[in-house]
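Residue numbers (this note's numbering): 1 to 378.
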């Protein structure tokens, strides 16, 4: 209905007297700005979370009046137990030069203090465009990123010193779903590649990173309230020029709800406990990541406040190298949870996950773990 796009208090009707009837509507657009916040806890990292705000109708020409359709975002991600924090500010023009081309820039600053002391500062320039071939659901985006890395205390985990990193990347995606809040039909996929250094770019960091992710949604029993969801996610990183070591912060990490920086979520396990370890028992990340998941979702209500419950099963792992990859050697979990969307906070959710293979990951007995988050997504 009209009230889904415009505030009801802003809809007015004016009927003019004439030989014909003309109905004029005065409308006031609903705000689509949103806050996001998330919080989680793990035995390895303590409390972690993020706080942010996104203005979806910003105007850089008239910042106090809004209405320009541009996107301005601020985000602060943090951890308390083992200190880490990332601050990001981003700006996007989604309709550059009156064409379906988006242009954006992000500035970021990161500090991690775990068994090491790492600082990263940089900026990313993004350019994307909606495609018409093979169909209108395709989107391509390129990026150029400069990143300054300073490892103050490596603790035999990182190479200490300063490095300058130049990266280019390309992502091709296709998104075709019937509802952004509770999809019941359609698919989403993306394939990406990043090159840092190598024979084409300057800098001290060298790697080739590739990723692929596919998601499917299928209605069950001809109703949009009961949905079967599946996902497959893969990642790979290696030297672009052989025998040039990669810093571990570019590797893949897995476990928990994904709140810790650069971590693939796997419910039923503690943060960053899935994957290879060094001789001291520390998680070191891996060059290959694979994950599969499936969910049954049931919408208790879609209007006015979306609420749904779910049951899930997922499995994944991180491997030290391509040669040591075994897609059948996965860490498995099952569980259940719920989601509720409350504007402007976003999606509030919780999961109880049971990891079958915790004896392997962190040498603990399997048990039910609670994962909680509130924010734009989960």
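Glycine included, C-beta positions come from ideal geometry on N, C-alpha and C. Just so you know, these numbers come straight off a predicted model, no measurement behind them.
{"Query": "Secondary structure of residue 267, DSSP reduced to three states", "Result": "coil"}
{"Query": "Residues that residue 161 bridges to, as DSSP identifies them", "Result": "151"}
{"Query": "Burial state of residue 300, where buried means 16 or more other Cβ atoms lie within 10 Å", "Result": "exposed"}
{"Query": "Buried/exposed call for residue 379, threshold 16 Cβ in 10 Å", "Result": "One cannot answer for residue 379 here, as it falls past the ends of the chain, which runs 1 to 378."}
{"Query": "Residue 140 to residue 366 span [Cα, whole Å]", "Result": "42 Å"}
{"Query": "Same chain only: Cβ atoms within 7 Å of residue 377, ignoring 5 sequence neighbours per side", "Result": "In this predicted model, residue 377 has a pLDDT of only 44, less than 50, meaning its place in the structure is not dependable enough to derive any value."}
{"Query": "Residues near residue 341 by beta carbon distance below 8 Å, same chain, minus five either side", "Result": "181, 305, 306, 307, 347 and 348"}
{"Query": "Beta strand (DSSP E) runs wholly inside the segment 326–354, at least 3 long, in chain order", "Result": "331–342"}
{"Query": "Whole-Å CB distance - residue 331 paired with residue 269, under 8 Å assumed", "Result": "7 Å"}
{"Query": "Runs of beta strand (DSSP E) wholly within the segment 206–294 (minimum 3 residues, chain order)", "Result": "207–220 and 223–238"}
{"Query": "Stretch pair the segment 183–193 + the segment 277–289: three plus CB contacts closer than 8 Å", "Result": "no"}
{"Query": "Between the CA atoms of residue 90 and residue 261 - distance to the nearest angstrom", "Result": "18 Å"}
{"Query": "Option in 151, 135, 112 and 193 with minimal Cα separation from residue 175", "Result": "135"}
{"Query": "Per-residue burial, residue 321 [other beta carbons within 10 Å of its own, 16 or more giving buried]", "Result": "exposed"}
{"Query": "Neighbour-count burial assignment, residue 297, 16 or more Cβ in a 10 Å radius", "Result": "buried"}
{"Query": "Three-state secondary structure (DSSP) of residue 135", "Result": "coil"}
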